[in-house]
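Shown next, in structure tokens, is the structure this report addresses.
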Amino acid sequence: MAEMLRPLVAYTRGAGIDCRWLVIAGSPDFFTITKRLHHALHGSGGDGGPLASAERAVYEEVLAGNLVELEAVVRAGDVVILHDPQTAGLAPGLARLGARVVWRCHIGSETAGARTDAGWAFLERYVTAAELTIFTLREFVPPGCTGRPHRIIRPSIDPPAPKNQELAGGAVRAILVRAGIVEGPPGPAAATYRRSDGSPGRVDRAADIVRLGRAPAMEAPMVLQVSRWDPLKDHAGVMAAFARLPGDTLGNAHLVLAGPSVTSVDDDPEAPEVIAEVLRRWRQLPHDQRRRLQLVQLPMRDVDENGAMVNALQRHATIVVQKSIEEGFGLTAAEAMWKARPVVASPVGGLREQIVDGESGILLSGPRDESGLADALERLLNAPQERRRIGAVAHERVAREFLSARHLLDYAALLRDLASELPGPAARRVRAAEL
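Counting in the working numbering, the sequence shown runs without a single skipped number right up to 1353 at its last residue.
Right under this line is the structure:
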């Protein structure tokens, strides 16, 4: 979500609209609860904790403190777009201030059940205070919002961003060597990229890597999954599928599971536990399989530098995997497709929206289909022409459907429609705040 907002806020301000990006503060208990809500809306049990009156009290207390800060910024008639469960509880208070409140939810599950019902029951009183709701997929719209104004807006990637911009082959090699992911030498090119503000940037930090033995050579085929350290990303399933591959298929291929440094994301308290479990599973693998697998935590101190590392990884990857159990949209798939990589993914959430099976990627039969993933990897590792064909179609699909220019036009239509309902001079003054 944050990566989408960065270009959208900049483009909106460039269009002459006073658009601001505000970030709420929260306590560890608050983020434990919002992570619980995140799992519930995905239909997952998460940490198994409750969403009862005590949790509601913590949630509302934290957001009440944030609302006090917002009262100094938000004026009547302003459009305020709230994102995801963390901010939903601000909707009633902002509506009382006279703001035009929109709540955007980037997550959801296509299958309703007791867990999703519990999550939506917790949020309903806040969400229904918003004038309009936005969802990524029509299947994610809960019953409480189906009869109220809502829109479907699909996420996007930004081509000029450090994570998606063109990188010369020499820069890809230099970045991966500097990060410690492949073995040197780095070659004559520098580990450079273009920052979000247009200034030159350079990758200086190394990743935190768990592996057995030396880093693989640049020439070795790489199977890659980039994702948060979240149980819904099924890292264990990816490892198990890769372990199924026969030795004659593997050759010198290796698997990289990459994600953010677990100490860098305040609102994801599960990450240390998840990577500890992934590491435990890695240690249980036979020696020959462990030496083909790297667990990579990418530094997050410099967001642009992190984006350049992900960019280099995706451009270098032979195959990109996204084996999610549940997925809101899965922009890592769109990022890899933009770079003409063949993507193998679970048929869940927005992954199914992005990938046309057999054309712009490969969809598994289900989110836990380890044998199907192994078969797809084996076939693609031995079929360079098919990889190139799928990658080319994937790039064109993202160019048509999932770039920030289309996203900006969706937002423009939203703001235009809201402004048209304002009286007199207010219609000529539209401010938007993103939270």
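Even glycine gets a Cβ: it sits at the ideal position worked out from N, Cα and C. Bear in mind the structure is a predicted one, so any value in this text is a computation, not a measurement.
Could you check the C-alpha separation between residue i and residue j for me, to the nearest Å?
i, j, result
"residue 1099", "residue 951", "35 Å"
"residue 1070", "residue 983", "31 Å"
"residue 1201", "residue 1140", "20 Å"
"residue 1343", "residue 1349", "Note that residue 1343 has pLDDT 47, beneath the 50 cutoff, so the model's placement of it is unreliable and no number is given."
"residue 1153", "residue 1159", "10 Å"
"residue 957", "residue 1193", "17 Å"
"residue 1190", "residue 1178", "11 Å"
"residue 1187", "residue 962", "16 Å"
"residue 921", "residue 1233", "19 Å"
"residue 1032", "residue 1245", "18 Å"
"residue 1088", "residue 1136", "11 Å"
"residue 1341", "residue 1016", "Note on residue 1341: pLDDT 46, under 50, position unreliable in the model; no value is reported."
"residue 964", "residue 1037", "12 Å"
"residue 1346", "residue 934", "Because the pLDDT at residue 1346 is just 47, under 50, the model does not fix this residue reliably, and the point stays unresolved."
"residue 1295", "residue 989", "53 Å"
So for residue i, helix, strand or coil by DSSP?
i, result
"residue 1352", "strand"
"residue 1255", "helix"
"residue 1279", "strand"
"residue 930", "helix"
"residue 1005", "helix"
"residue 1126", "strand"
"residue 1088", "helix"
"residue 1338", "helix"
"residue 1034", "helix"
"residue 939", "strand"
"residue 1053", "strand"
"residue 1204", "coil"
"residue 1344", "Residue confidence for residue 1344 is low, a pLDDT of 46 falling below 50, so the modelled location carries little weight and cannot support an answer."
Does the distance from the CB of residue i to the CB of residue j come in under 8 Å?
i, j, result
"residue 1080", "residue 1322", "no"
"residue 1120", "residue 1107", "no"
"residue 1142", "residue 1176", "yes"
"residue 1091", "residue 1105", "yes"
"residue 1214", "residue 1239", "no"
"residue 1249", "residue 960", "no"
"residue 1018", "residue 995", "yes"
"residue 1051", "residue 1045", "yes"
"residue 1324", "residue 1074", "yes"
"residue 1024", "residue 1320", "no"
"residue 927", "residue 1352", "yes"
"residue 1279", "residue 1308", "yes"
"residue 1010", "residue 1039", "no"
"residue 1227", "residue 1133", "no"
The beta strand (DSSP E) with residue i in it runs from where to where?
i, result
"residue 1178", "1172–1178"
"residue 1142", "1140–1144"
"residue 1262", "1261–1263"
"residue 1214", "1211–1216"
"residue 1237", "1237–1240"
In the DSSP assignment, find the unbroken alpha helix (DSSP H) run with residue i in it and report its ends.
i, result
"residue 1157", "1153–1161"
"residue 1110", "Here residue 1110 belongs to no alpha helix (DSSP H); instead the beta strand (DSSP E) covers 1110–1112."
"residue 1070", "No alpha helix (DSSP H) holds residue 1070; the beta strand (DSSP E) holding it covers 1068–1070."
Hey, would you say the C-beta of residue i is under 7 Å away from at least one heavy atom of the ligand PLP?
i, result
"residue 1283", "Looking at this structure, you won't find the ligand PLP or any other ligand, since it has none at all."
Under 8 Å, with one C-beta from each stretch per pair, do the segment 1255–1269 and the segment 1209–1225 reach the 3-pair mark? no
I want to know whether the segment 1283–1294 touches the segment 1318–1334 - three or more CB-CB distances under 8 Å. no
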